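**Student:** Residue numbers (the numbering used here): 35 to 186. Note that CB positions come from ideal geometry on N, CA and C, so glycine has one too. Values in this document were obtained by computation on a predicted structure and should not be read as measured data. Questions regarding the structure given below will be posed in turn.
Set out below in structure tokens:
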């Protein structure tokens with residue numbers, strides 16, 4: 035079978051516009067280059083087991099320091115609150131005994147005074163107990179590393 039003859043008229047050429055011609059490889063923007071560079075750096079910088087253990091130790095140390103400062107602050111607040119509460123107990127007891135408070139007559143029934151002193155003392159003791167149990171926990175501490183497996 036003979037080859038068909040080529041068409042008599044050539045196909046129309048694409049129209050050229052004023053837009054600049056594109057190169058074979060498109061240029062990347064600065065943002066794209068930064069993203070690609072960051073991704074490549076992340077792929078190259080995968081953490082090793084030693085890096086992970088070092089970071090874990092750093093985080094545990096930082097947590098211990100933060101917890102120490104938190105306990106110190108909460109301890110100061112509990113101490114000040116308890117001191118103020120006990121000072122109020124003393125002031126009300128003395129005021130009830132002398133019969134005046136800040137230059138005005140002050141009178142409390144003895145059952146009210148006993149109930150106030152009993153509940154405030156129990157509250158202060160309970161507050162200290164809660165704080166001390168938080169400061170010095172009785173439970174098991176979390177181990178730093180898993181226990182070694184025995185050799186068979």
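1. Could you check the C-alpha separation between residue 139 and residue 132 for me, to the nearest Å?
2. Output needed for residue 156: all residues of its chain with C-beta closer than 6 Å, excluding positions within five of it in sequence on either side, in chain order.
3. For the alpha helix (DSSP H) holding residue 13, just list the boundary residues, first then last.
4. In three-state terms, what does DSSP make of residue 187?
5. In angstroms, rounded to a whole number, what distance separates the CA positions of residue 134 and residue 111?
6. Give the C-beta separation of residue 142 and residue 130 to the nearest angstrom, bearing in mind that I take them to be a contact with Cβ-Cβ under 8 Å.
7. What did DSSP end up calling residue 142 once you bin it into helix, strand or coil?
8. Could you pull the start and end residues of the alpha helix (DSSP H) that residue 101 belongs to?
9. Would you kindly work out how many angstroms separate the C-alpha atoms of residue 84 and residue 161, rounded to a whole number?
**Tutor:** In short, the structure shows the following:
1. Counted from its first residue, the chain shown places residue 139 at position 105. Counted from its first residue, the chain shown places residue 132 at position 98. Across the structure, residue 139 and residue 132 are spaced so that their CA atoms are roughly 9 Å apart.
2. Counted from its first residue, the chain shown places residue 156 at position 122. Taking C-beta separations shorter than 6 Å and ignoring five residues to either side along the sequence, residue 156 has no partners in its chain.
3. Limits of the chain in this structure are 35 at one end and 186 at the other, which puts residue 13 out of reach.
4. Look at the range of the chain in this structure, 35 to 186, and you will see that residue 187 is not part of it.
5. For this step, residue 134 is matched to residue 100 along the chain shown. For this step, residue 111 is matched to residue 77 along the chain shown. Straight through space, the alpha carbons of residue 111 and residue 134 are spaced by roughly 31 Å.
6. Counted from its first residue, the chain shown places residue 142 at position 108. Counted from its first residue, the chain shown places residue 130 at position 96. Indeed they touch by this definition, with Cβ atoms about 5 Å apart.
7. One-based indexing of the chain shown puts residue 142 at position 108. Residue state, collapsed to three classes: coil.
8. The count along the chain shown starts at 1 and reaches residue 101 at position 67. Start and end: 83-132.
9. Counting from one through the chain shown, the residue named residue 84 turns up at place 50. Counting from one through the chain shown, the residue named residue 161 turns up at place 127. Between the alpha carbons of residue 84 and residue 161 lies a gap of roughly 43 Å.
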